[in-house]
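Chemist:
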Ligand code: SF4
Ligand code: SF4
């Protein structure tokens, strides 16, 4: 890495747009406390692959000392945005905002053509409902014609993609309103998430049933859209802002007590809208993760649960640990299932999924996932629970590759299965 000048006039060389970014990078005191927490640094032991190194590179670029070379971009793009560094930083450096701002000003580095096409197709499928319906039908055809098996032989990326396609679920038409079947406690809006609609309808359906049993009317505004995290972290702040505005309009109903999110990645994004977009405070303040809400309501009135004498491996995604910070509620909810042996994955930093990272950086994503697969081999659980659909798909793909038959589901799915008739005790 080129050494930064130690004595420079503050902000000299920075353009007007780069000055706030430069000021944010200057908050880093280069103490290095974040290095042991950084998954990419721990694997590569390369300072340029650490939070401190990346901040220095961006600082160099924003001050005009460094050019936005492909190698500079590569180090920034290799960041998972897991935000483990932020949670230990004594100087409270706004690391993820620095990366997002850098990408919005300088863009992302060059990508392989196959990755580019895959990313464009994935975005279109996630954001456009017509395209997602077509993709769902194509996936069903590809499965039945053994096309997927043939494609999966081609490369690492193809193998990863075909595993995802095999998880694609048929389009489900849902009602927009599910009244609470018994005594009404309140009304919630359910944020289903674009990926959840395509890959995890089981979690959506279990959540509607559970929220109803907890006494909530459940409302699913059809105008809701993708949370915008993929676009924001790719540097497209404008597109992310448009998606945020669409969600604000979709959930703008005064009688909603909560806006319940199912994937922690989406929940983290909705909670952090106000840091990026105006007029999103109300939506953010009503946003709550399903496990946290269920835990709080159930604590008030214990519900009967069927025992489950099985081993559960419980995963807490980075978005839960480092942004929502409600991993305890998830653990308490799952631990309330009688008879279950809970093993956590707390010693694993990041599974490597990280939104689109698993498609853009399949080798690093797979190296990080290996830590989870090792623990799965050692503990031989019947279930692996994770509350983020991206992590679930990535881990599921890894388990499939090593022929381990473990059911990978959202914690709320298992919890809802174990609820008996709903009698209070
Ligand atoms: S912990 Fe914070 S201040 Fe210290 S090097 Fe890392 S980002 Fe910079
Ligand atoms: S966000 Fe995660 S991968 Fe990126 S620098 Fe911080 S700890 Fe490392």
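In the numbering used here, the protein residues as written are 6 to 430. Backbone N, C-alpha and C fix where the C-beta goes; we use that ideal spot for every residue, glycine too. Note that the structure is a prediction, hence the values are computed from the model and not measured.
Expressed to the nearest angstrom, what Euclidean distance is found between the alpha-carbon atoms of residue 315 and residue 370?
Modeler: Spanning the two alpha carbons is a distance of roughly 29 Å.
Chemist: Could you have a look at residue 403 and say whether DSSP puts it in helix, strand or coil?
Modeler: In this structure, residue 403 counts as helix in the three-state DSSP scheme.
Chemist: Based on the DSSP output, what are the partners of residue 192 in its beta bridges?
Modeler: DSSP, once it has assigned bridges, lists 222 as partnering residue 192.
Chemist: Could you give the first and the last residue of the continuous alpha helix (DSSP H) run that contains residue 431?
Modeler: Absent from the structure is residue 431, since the part of the chain shown begins at 6 and ends at 430.
Chemist: Name the one or two DSSP bridge partners that residue 182 has.
Modeler: Answer by DSSP bridge pairing, in chain order: 224.
Chemist: May I ask you to verify whether the region 313-327 touches the region 185-203, counting CB pairs closer than 8 Å and requiring at least 3?
Modeler: No, the region 313-327 is not in contact with the region 185-203.
Chemist: What do you get for residue 36, buried or exposed, if any count of 16 or more other CB atoms within 10 angstroms of its CB means buried?
Modeler: Answer is exposed; the Cβ neighbour count stays below 16.
Chemist: Measure the C-alpha to C-alpha separation of residue 425 and residue 310 and round it to an integer number of angstroms.
Modeler: Their Cα atoms are separated by approximately 6 Å.
Chemist: Between 362, 306, 356 and 375, which lies nearest to residue 219 when the distance is taken from Cα to Cα?
Modeler: When each option's Cα is compared against that of residue 219, the closest is 306.
Chemist: Any heavy atom of ligand 2 closer than 6 Å to the beta-carbon of residue 88?
Modeler: Yes; taking the cut-off as 6 Å, the Cβ of residue 88 has a heavy atom of ligand 2 nearer than that.
Chemist: Under the three-state reduction of DSSP, which class applies to residue 20: helix, strand or coil?
Modeler: Looking at residue 20 - three-state DSSP - the assignment turns out to be coil, as it is neither helix nor strand.
Chemist: Taking residue 247 as part of the alpha helix (DSSP H), name the residues at either end of that continuous run.
Modeler: 242-255 is the extent of the alpha helix (DSSP H) around residue 247.
Chemist: Taking 7 Å as the cut-off, decide whether the C-beta atoms of residue 265 and residue 195 are in contact.
Modeler: Yes.
Chemist: Between which two residues does the beta strand (DSSP E) containing residue 308 stretch?
Modeler: 308-310 is the span of the beta strand (DSSP E), which, as asked, contains residue 308.
Chemist: Which whole runs of the beta strand (DSSP E) in the region 265-329 are 3 residues long or more, in chain order?
Modeler: 292-294, 308-310 and 316-319, all fully within the region 265-329.
Chemist: Could you compute how far the alpha carbon of residue 213 sits from the alpha carbon of residue 275?
Modeler: Each residue's alpha carbon lies about 20 Å from the other.
Chemist: Can you list, in chain order, the residues of its chain whose CB lies under 7 Å from that of residue 86, leaving out five sequence neighbours each side?
Modeler: Excluding sequence neighbours, residue 86 sits near 101, 104, 238 and 359.
Chemist: Roughly how many angstroms separate the alpha carbons of residue 350 and residue 415, rounded to a whole number?
Modeler: Their backbone Cα atoms lie some 15 Å apart in a straight line.
Chemist: To which residues does DSSP link residue 203 through a beta bridge?
Modeler: Paired residue(s): none; residue 203 is not in a bridge.
Chemist: Please work out which residues of its chain come closer than 7 Å, Cβ to Cβ, to residue 384, disregarding the five sequence neighbours upstream and downstream, and give them in chain order.
Modeler: So the list reads 316, 318 and 348, once near-sequence residues are dropped.
Chemist: Just how far apart, CA to CA, sit residue 76 and residue 398?
Modeler: C-alpha separation (whole angstroms): 30 Å.
Chemist: Can you check DSSP and say which residues form a bridge with residue 424?
Modeler: DSSP lists 310 as partners of residue 424.
Chemist: So with Cβ pairs under 7 Å, would you call residue 76 a contact of chain D?
Modeler: The chain labelled as chain D is not found in the depicted structure, where only one protein chain is given.
Chemist: Less than 7 Å between the beta carbons of residue 377 and residue 400, yes or no?
Modeler: Yes, the pair counts as a contact, with Cβ atoms nearer than the cut-off.
Chemist: Apart from the five residues on each side of it in sequence, which residues of its chain come closer than 6 Å, Cβ to Cβ, to residue 96?
Modeler: So the qualifying residues of the chain are 32 and 34.
Chemist: Using the C-alpha atoms, what's the distance from residue 403 back to residue 257?
Modeler: Spanning the two alpha carbons is a distance of roughly 40 Å.
Chemist: Please determine, among 210, 224, 248 and 191, the residue with the shortest C-alpha to C-alpha distance to residue 181.
Modeler: Considering only alpha carbons, the answer is 224.
Chemist: Return the Cβ separation of residue 64 and residue 27 in integer angstroms, given the expectation that the two are a contact with Cβ distance under 8 Å.
Modeler: Confirmed, Cβ separation roughly 7 Å.
Chemist: Measure the CB-CB distance between residue 373 and residue 355 and report whether it falls below 7 Å.
Modeler: Yes.
Chemist: Excluding the 5 residues flanking residue 217 on each side, which residues of the same chain have their C-beta closer than 7 Å to its C-beta?
Modeler: Excluding sequence neighbours, residue 217 sits near 183, 185, 186 and 223.
Chemist: Spatial neighbours of residue 45 within its chain, please: CB distance less than 6 Å, with the 5 preceding and 5 following residues excluded, ordered by chain position.
Modeler: Cβ within range, chain order: 54 and 83.
Chemist: Apart from the five residues on each side of it in sequence, which residues of its chain come closer than 6 Å, Cβ to Cβ, to residue 233?
Modeler: Only 245, 248 and 249 meet the Cβ criterion.
Chemist: Assuming the contact rule is C-beta atoms closer than 8 Å, residue 345 and residue 313 should be a hit. Round their C-beta distance to whole Å, please.
Modeler: Confirmed, Cβ separation roughly 5 Å.
Chemist: Rounding to the nearest angstrom, what Cα-Cα distance links residue 427 and residue 286 in this structure?
Modeler: Unreliable positioning characterises residue 427 in this predicted model, as indicated by a pLDDT of 46, which lies under 50. The coordinate reading is nonetheless provided below. Approximately 35 Å between the Cα atoms of the pair.
Chemist: Under the rule that 16 or more other beta-carbon atoms within 10 Å means buried, what is residue 59, buried or exposed?
Modeler: Buried, because 16 or more other Cβ atoms sit within 10 Å of the Cβ of residue 59.
Chemist: What is the DSSP secondary structure of residue 447, counted as helix, strand or coil?
Modeler: There is simply no residue 447 to check, as the chain begins at 6 and stops at 430 in what is shown.
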